[in-house]
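Only one structure is covered here, and it is reproduced in the block below.
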Amino acid sequence: MSEYETVIGLEVHAQLLTHTKAFCACPATFGAAPNTQVCPTCLGLPGALPVLSARAVEFAVRTALALGCTLQKTSRFSRKNYFYPDLPKGYQISQFDEPCSEGGALSIEVPGASGARVEKVVRITRVHMEEDAGKSSHARGEDSIVDLNRSGVALVEIVGEPELSSGAEAAEYLRSLREILIFIGINDGNLEEGSFRCDANVSIRKKGAPQLGTRVELKNINSFRFVQKAIEYEALRQQAIVEGGGRIEHETRGWDEKAGRTFSMRSKETAQDYRYFPEPDLPPLVLEDAWIEQVRQAMPELPRAKRERFVSQYEITPYAAQVLTQHPQIASFFEHCARLHGDGAKAANFVQSEILGGIVTRGLEADFPISPAQLAELLGLVDAATISGKQAKEVYALIAGTPRAPADVVRERGMAQVSDAAAIDAIVAAIVLANSRQAEALRAGKASLMGFFVGQVMKETKGSANPQMVNDAIKRALGLG
Amino acid sequence: MNLLELPVTTLAHLVQRGEVKAIEVAEACFARIDVTNDRVGAFLALSREETSLQAKSIDEKRARGEALGALAGVPVALKDSLVTRATVTTAGSKMLAGYVPPYDATVVARLRAADALLPGKTNMDEFAMGSSTETSAFGPCRNPWDLSRAPGGSSGGSAAAVAARMTPAALGSDTGGSIRQPAAFTGSVGVKPTYGRVSRFGLIAFASSLDQVGPFASDVRGAARVLEVIAGRDGRDATSLDIAPGRWERDCDRGASGLRIGVPEEYFAEGLDAEVEASVRQSIDQLQADGCVVVPVTLPHTRHAIATYYVLATAEASSNLARFDGVRFGARVEPSRDLRDLYGATRDHGFGAEVKRRILLGTFVLSAGHYEAYYLKAQKVRTLIARDFAEAFERCDAIVCPTAPTPAFLLGDKTGDPLSMYLSDVYTLPASLAGLPAMSVPCAPAKSGLPVGLQIVSRPLDEATMFALGAAVERHHAPRAAAL
Ligand SMILES: [Zn+2]
Numbered sequence: 001m002s003e004y005e006t007v008i009g010l011e012v013h014a015q016l017l018t019h020t021k022a023f024c025a026c027p028a029t030f031g032a033a034p035n036t037q038v039c040p041t042c043l044g045l046p047g048a049l050p051v052l053s054a055r056a057v058e059f060a061v062r063t064a065l066a067l068g069c070t071l072q073k074t075s076r077f078s079r080k081n082y083f084y085p086d087l088p089k090g091y092q093i094s095q096f097d098e099p100c101s102e103g104g105a106l107s108i109e110v111p112g113a114s115g116a117r118v119e120k121v122v123r124i125t126r127v128h129m130e131e132d133a134g135k136s137s138h139a140r141g142e143d144s145i146v147d148l149n150r151s152g153v154a155l156v157e158i159v160g161e162p163e164l165s166s167g168a169e170a171a172e173y174l175r176s177l178r179e180i181l182i183f184i185g186i187n188d189g190n191l192e193e194g195s196f197r198c199d200a201n202v203s204i205r206k207k208g209a210p211q212l213g214t215r216v217e218l219k220n221i222n223s224f225r226f227v228q229k230a231i232e233y234e235a236l237r238q239q240a241i242v243e244g245g246g247r248i249e250h251e252t253r254g255w256d257e258k259a260g261r262t263f264s265m266r267s268k269e270t271a272q273d274y275r276y277f278p279e280p281d282l283p284p285l286v287l288e289d290a291w292i293e294q295v296r297q298a299m300p301e302l303p304r305a306k307r308e309r310f311v312s313q314y315e316i317t318p319y320a321a322q323v324l325t326q327h328p329q330i331a332s333f334f335e336h337c338a339r340l341h342g343d344g345a346k347a348a349n350f351v352q353s354e355i356l357g358g359i360v361t362r363g364l365e366a367d368f369p370i371s372p373a374q375l376a377e378l379l380g381l382v383d384a385a386t387i388s389g390k391q392a393k394e395v396y397a398l399i400a401g402t403p404r405a406p407a408d409v410v411r412e413r414g415m416a417q418v419s420d421a422a423a424i425d426a427i428v429a430a431i432v433l434a435n436s437r438q439a440e441a442l443r444a445g446k447a448s449l450m451g452f453f454v455g456q457v458m459k460e461t462k463g464s465a466n467p468q469m470v471n472d473a474i475k476r477a478l479g480l481g
Numbered sequence: 482m483n484l485l486e487l488p489v490t491t492l493a494h495l496v497q498r499g500e501v502k503a504i505e506v507a508e509a510c511f512a513r514i515d516v517t518n519d520r521v522g523a524f525l526a527l528s529r530e531e532t533s534l535q536a537k538s539i540d541e542k543r544a545r546g547e548a549l550g551a552l553a554g555v556p557v558a559l560k561d562s563l564v565t566r567a568t569v570t571t572a573g574s575k576m577l578a579g580y581v582p583p584y585d586a587t588v589v590a591r592l593r594a595a596d597a598l599l600p601g602k603t604n605m606d607e608f609a610m611g612s613s614t615e616t617s618a619f620g621p622c623r624n625p626w627d628l629s630r631a632p633g634g635s636s637g638g639s640a641a642a643v644a645a646r647m648t649p650a651a652l653g654s655d656t657g658g659s660i661r662q663p664a665a666f667t668g669s670v671g672v673k674p675t676y677g678r679v680s681r682f683g684l685i686a687f688a689s690s691l692d693q694v695g696p697f698a699s700d701v702r703g704a705a706r707v708l709e710v711i712a713g714r715d716g717r718d719a720t721s722l723d724i725a726p727g728r729w730e731r732d733c734d735r736g737a738s739g740l741r742i743g744v745p746e747e748y749f750a751e752g753l754d755a756e757v758e759a760s761v762r763q764s765i766d767q768l769q770a771d772g773c774v775v776v777p778v779t780l781p782h783t784r785h786a787i788a789t790y791y792v793l794a795t796a797e798a799s800s801n802l803a804r805f806d807g808v809r810f811g812a813r814v815e816p817s818r819d820l821r822d823l824y825g826a827t828r829d830h831g832f833g834a835e836v837k838r839r840i841l842l843g844t845f846v847l848s849a850g851h852y853e854a855y856y857l858k859a860q861k862v863r864t865l866i867a868r869d870f871a872e873a874f875e876r877c878d879a880i881v882c883p884t885a886p887t888p889a890f891l892l893g894d895k896t897g898d899p900l901s902m903y904l905s906d907v908y909t910l911p912a913s914l915a916g917l918p919a920m921s922v923p924c925a926p927a928k929s930g931l932p933v934g935l936q937i938v939s940r941p942l943d944e945a946t947m948f949a950l951g952a953a954v955e956r957h958h959a960p961r962a963a964a965l
């Protein structure tokens, strides 16, 4: 066992899914041609002014409430001053000394001492609003190019306390946080496109030491797996330095996935002075109690609460609830279907075993192969014994990607089971008559001949007879049971 | 009839009634500019074609029987810190030489909507930093009353345009006195409204918490008319107040009788020119004779106003001017492939000495280790200055004092000594820091004939009292045009 422990604090920047940017009416959608979603304000043209988007405030408040933060009735925007080509105004509008919320918590599941998963509560320092910068790329030889479509896009920054102790915990924290942000509809959780970004502050210290070691900031790591690997690597790197009698440098490092190591980006020893001061172009942000209450009332159900409710309301396993809440649209599809059909467990089974693989998610959107109404109808056909469970899968394969009604397909293909008792009795009677020798033997106790008769009936009905009814009819005809 | 000698309201009336065509006004305006501007340097850019097209469309509008706006056919000069679509906007800086903005400032759009004519952009101290229009990168503006003297600043070009009757009205911006002091120096009326009355959208920022757009006019009523047009909530400026403009032109007829006017002792102290004092005191006596009650008041924190202002205004300016970096618009000097060199060389080339001085000062007061001693302390003093006024306004309805300590000074007189230049705003800074409405209105001129301005400061959003008093002062001192 190492004598060192790792201390990790995460700062997450999440782009808010508002239609417009934080301080102007430009669309905030990803992927448009460079520098087409811009206006005087987000270009920082002379004379332009910011006006705060009410929707951005609502989304930030939603985030703060979901993380149990205390909302500040009055908060303020500040200017963070620095020069960079993708920062058109020469300052970023952010919240600094008076953020809109403070003091929340995120509970995550981590492996406990016995190997079982236990709950760990990580405190959230603050959730505040700010604007994104543009995007610089250095692709064309010596030139740098800047796309300002992202400039001014609304972000929340979620600052966690340094209370995580491993790369795995950090990854779990990010998964849980991302899930919450997606479920409350404020972020699409896309790490690759950078709409959910994470910086990790990593330091090590002797176990039990009261003070934190010098921290290194790992910047912009764009996958959960990389976060975990980068932190694990970084902890070992720092440990090796300390054990070798060295000193950890206060710096910003990046993650080189190919080489599997972190690398120095810039030293923080000469700390940059951002000259924060209150943004004079924006009055203080005042949150009215009644409005906060409105946001609280309209808050979508959080993923954990949803899972617990699914287990109790639909009598499904915690595992099934977990699977069905991997995306808010999947949860809502399941629930819609369960409500239409009436039996959550059956709906859950079918969604998990058949439909899940065919669902395509894009951010908060998802495409389903069939509608909840189609699925409910299909499950109803099984319940009514019109088709068997096995046939339901065949029907699903036929209607997936089409708006066709399952019943129509069943009819067209002659798949309906013969469940008419009189019809089955008539077929059975004819078969018993034609096979009187076997009938006698079965009646005498040769139980293995039951299969023979069932087979004959199925042959006659081309497999569409309800097997249970066939069994019953044979026994009835032979005076058995 | 010299159309440009007419007051704003009269001219608008004549155009509205069709007795004068807007195109005639436009032609007279450019004719006047052509014979005077070379000597004065009030305009940096003229929009002849656009103005003439606009005038024609106003005349056509009238011919169709449509009602014309409140400023029908009235030429209004625009300070060059107000952005105008399709017209070069420089804010008096080499940094923006040749820059054409893609949009109109809200006040510009409102003037257009009121059928005003917008003949051109006026000279100003670079980025509104100065009190004489001498820091303009495009040469100084001269005072039409005495071409060897400064018109004041930073809105000197707008003030001079009105004083020389190139236009009967103009817009300026006032951060610490930049409308009122040049109004006083040029014998025009200049109004700085309550902070938040007028949209700042499209005003190239100097110090955002102090900047306010306001009118110059040849008479008080004209200033009231223009302010009624440009004031009011603008959804694009989060600091603009959701309060409808007043009926200020009507307030000009209200009379001053019964108003209590506060005379602050701190404004009649050392450094005040004897003739200016005599002139202002004469107007106070006249107001008393008109039925005003004169109340001595005290504004004890006035002496800290200059220091407070130069900390806060420069702090904001250092940040507001960061966008002039050579990357996206304006001047760009690229000595090497290094980004820091681009910034350094561009800003060294683009900014003049006074702008650099203020950026450095502002950067210093915001930097770690100095923020509390300067910026935060200055914010506290700002609150105390505002409280001084609030207490004074418990005893009076408006404060009356000199606008500037001296009449217009000679060009070059103060350019070598920034501090003496800063002192010329000593009487205008406090109202700016307190966000109060204030105006300068001409009172009796000095023996030399140079204009003297009297300043009226009223309660927040009480422009009504300010205009009533301004009109009362004006009744004893009819507007005068500078002879050129
Ligand atoms: Zn924009």
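Sequences listed follow chains A and B, in order. Residues 1 to 481 (the numbering used here) are what the first sequence spells out, left to right. Residues 482 to 965 (the numbering used here) are what the second sequence spells out, left to right. From the three backbone atoms N, C-alpha and C, an ideal C-beta is built for every residue, glycine too. For clarity, every value in this text was computed on a predicted model and none was experimentally measured.
Going by DSSP, what residue range makes up the beta strand (DSSP E) through residue i?
i, result
"M947/B", "Careful: M947/B lies outside any beta strand (DSSP E), inside the alpha helix (DSSP H) at E944 to H957."
"P696/B", "Q693 to A698"
"P886/B", "P886/B -> no beta strand (DSSP E), and no H or E assigned at all."
"P923/B", "A919 to P923"
"G342/A", "First-last for G342/A: undefined, no H or E at that position."
"V938/B", "G934 to S939"
List the endpoints of the continuous alpha helix (DSSP H) containing residue i.
i, result
"W291/A", "D289 to Q297"
"C510/B", "A503 to V521"
"I186/A", "Run containing I186/A: none; DSSP gives neither H nor E here."
"L478/A", "P467 to L478"
"P911/B", "L910 to A915"
"R490/B", "For the sequence presented, residue 490/B should be read as Thr rather than Arg. V489 to Q497 is the extent of the alpha helix (DSSP H) around T490/B."
For residue i, which residues in the same chain have their Cβ closer than 7 Å to its Cβ, ignoring the five residues on either side in sequence?
i, result
"H782/B", "V862, L865, I866 and D869"
"N624/B", "R630, A631, P632, A641, F666, T667 and A889"
"E119/A", "S107 and E109"
"R339/A", "none"
Would you grab the beta carbon distance between residue i and residue j for me? Rounded to a whole angstrom, and I think it's under 8 Å.
i, j, result
"G657/B", "Y856/B", "Actually they are not in contact, since the Cβ atoms of G657/B and Y856/B sit about 17 Å apart, beyond 8 Å."
"P369/A", "G401/A", "5 Å"
"A711/B", "L592/B", "In the sequence as displayed, the identity of residue 711/B is Ile instead of Ala. So it is a contact: roughly 7 Å between Cβ atoms."
"T648/B", "V557/B", "6 Å"
"P280/A", "R76/A", "Going by Cβ atoms, the distance from P280/A to R76/A rounds to 11 Å, so no, they are not a contact pair."
"A688/B", "E797/B", "4 Å"
"G194/A", "N222/A", "7 Å"
"G389/A", "V382/A", "6 Å"
"F948/B", "W729/B", "5 Å"
Near residue i, which residues of its chain fall below 6 Å by C-beta distance, leaving aside the five closest residues on each side in sequence?
i, result
"T361/A", "H327"
"L753/B", "P886"
Quick one: what's got a C-beta closer than 8 Å to residue i's C-beta in the same chain, skipping five residues either side?
i, result
"V757/B", "P883, A885, P886, T887, P888, A927 and V933"
"Y274/A", "K80, N81 and Y82"
Quiz item: So does the segment 633-646 of chain B actually touch the segment 603-618 of chain B, counting three or more Cβ pairs closer than 8 Å?
Solution: A contact between stretches requires three or more CB pairs, one per stretch, nearer than 8 Å, and the segment 633-646 of chain B meets this requirement with the segment 603-618 of chain B.
Quiz prompt | the segment 495-508 of chain B in contact with the segment 540-551 of chain B per 3-pair CB rule at 8 Å | solution = Result yes; three or more Cβ-Cβ pairs closer than 8 Å.
Practice problem: Note down, one range per segment and in chain order, each alpha helix (DSSP H) of at least 4 residues found wholly within the segment 40-123 of chain A. | Solution: Within the segment 40-123 of chain A, the complete alpha helix (DSSP H) runs of at least 4 residues are 40-43 and 54-66.
Quiz prompt | Touching by the beta-carbon criterion (3+ pairs, under 8 Å), the segment 295-315 of chain A and the segment 828-836 of chain B | solution = No, they do not touch.
Exercise. Inspect the CB distances between the segment 426-438 of chain A and the segment 341-350 of chain A and report whether three or more fall short of 8 Å.
Key: The segment 341-350 of chain A and the segment 426-438 of chain A do not touch, with fewer than three beta-carbon pairs separated by less than 8 Å.
Quiz item: Can you list, in chain order, the stretches of the alpha helix (DSSP H) that have 4 or more residues and sit fully within the segment 327-376 of chain A?
Solution: Taken in chain order, the complete alpha helix (DSSP H) segments of 4 residues or longer contained in the segment 327-376 of chain A are 328-341 and 344-350.
Exercise. Report yes or no: do three or more beta-carbon pairs, one from the segment 41-54 of chain A and one from the segment 797-816 of chain B, lie closer than 8 Å?
Key: Counting C-beta pairs with one atom in each stretch, the segment 41-54 of chain A and the segment 797-816 of chain B have three or more that are closer than 8 Å, which means they touch.
Self-check item: Sufficient close CB pairs (3 or more, under 8 Å) joining the segment 7-18 of chain A to the segment 513-531 of chain B
Solution: Below 8 Å, too few C-beta pairs join the segment 7-18 of chain A and the segment 513-531 of chain B to call them touching: fewer than three.
Exercise. Entirely within the segment 713-758 of chain B and at least 4 residues each: give me those alpha helix (DSSP H) ranges in chain order.
Key: For the segment 713-758 of chain B, whole alpha helix (DSSP H) runs of length 4 or above, ordered along the chain, are 729-732.
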